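In what follows, a single structure is set out as structure tokens and then discussed.
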Amino acid sequence: EVTVATGDCINYTLNYTLVEPPPCLPDAYEPNDTRDTATFVLPPQDLTVESTNAEDYLDFEVAAGATVTVTVLFTHAEGDIDLYVYPDVGSPVGVSTSSSDNESVTLTNNDAVPATYTARVWLRNPGTSLPCMTYRLEVL
């Protein structure tokens with residue numbers, strides 16, 4: 085019921101439709117949800133991680149003797165992303181697991197030749213995150 089300026093009342097009907105959010109579209113590097121399916125990228129890259137496949141593995145190259153900082157830029161209010169950086173084989177050379185926006189790992193390639201590293205971008209607690217999170221991977 086609505087009251088019109090003159091004080092009279094009129095009846096009306098209000099129709100509404102709830103719209104489902106759009107589906108999470110995978111980025112161009114899927115499938116890359118395991119270390120064995122990691123995709124080689126040339127950062128910077130704008131990417132997505134889905135709550136159903138809550139990990140991305142991305143290979144990148146570091147020049148001989150170079151020190152770089154690997155950064156994942158995201159908004160923590162949308163979900164909690166952690167960053168793990170691995171050498172070609174073995175355990176992580178760096179881990180960043182804060183409870184704030186963005187994660188970073190700095191590493192040095194001490195080899196005399198370029199080396200491939202793998203970034204594991206992990207969406208923690210996907211049930212409390214947006215179904216699709218965007219992030220930016222930088223290696224500077």
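Per my numbering, residue 85 is the first one in the sequence shown, and the count goes up by one each step. For every residue, glycine included, the Cβ atom is placed at its ideal position computed from N, Cα and C. Remember, predicted model here, so these are calculated numbers, not experimental data.
Contacting residues, own chain, Cβ-Cβ under 6 Å from residue i (five flanking each side not counted)
i: PRO245; result: Lying outside 85 to 224, the shown extent of the chain, residue 245 is not represented and no answer is given.
i: ASP143; result: ALA122, PHE124, THR200, THR202
i: GLN129; result: LEU221
Any non-hydrogen atom of the ligand FAD within 6 Å of residue i CB
i: THR121; result: Of ligands this structure carries none, so the ligand FAD is not represented either.
For residue i, the three-state DSSP class (helix, strand or coil)
i: GLU114; result: coil
i: GLU162; result: helix
i: THR121; result: helix
i: TYR168; result: strand
i: ASP185; result: coil
i: CYS253; result: The question about residue 253 has no answer, for the chain in this structure spans 85 to 224.
i: SER135; result: coil
i: LEU207; result: strand
i: LEU157; result: strand
i: VAL152; result: strand
Residue-level contact to chain B via CB, residue i, 7 Å cutoff
i: THR153; result: Chain labels in this structure do not include chain B; a single protein chain is all it has.
Own chain residues within Cβ distance below 8 Å of residue i, not counting five before or after
i: SER183; result: HIS160, ASP164
Residue burial classification, residue i (beta-carbon count within 10 angstroms, cutoff 16)
i: GLU104; result: exposed
i: ASN95; result: exposed
i: PRO141; result: Going by the sequence as given, residue 141 is Tyr instead of Pro. Burial call: buried.
i: ASP111; result: buried
i: LEU167; result: buried
i: SER133; result: Sequence inspection shows Val at residue 133; the Ser mentioned does not correspond to that position. Buried.
Counting pairs of Cβ atoms below 8 Å between the segment 148 to 165 and the segment 189 to 203, do you hit three or more?
-> yes
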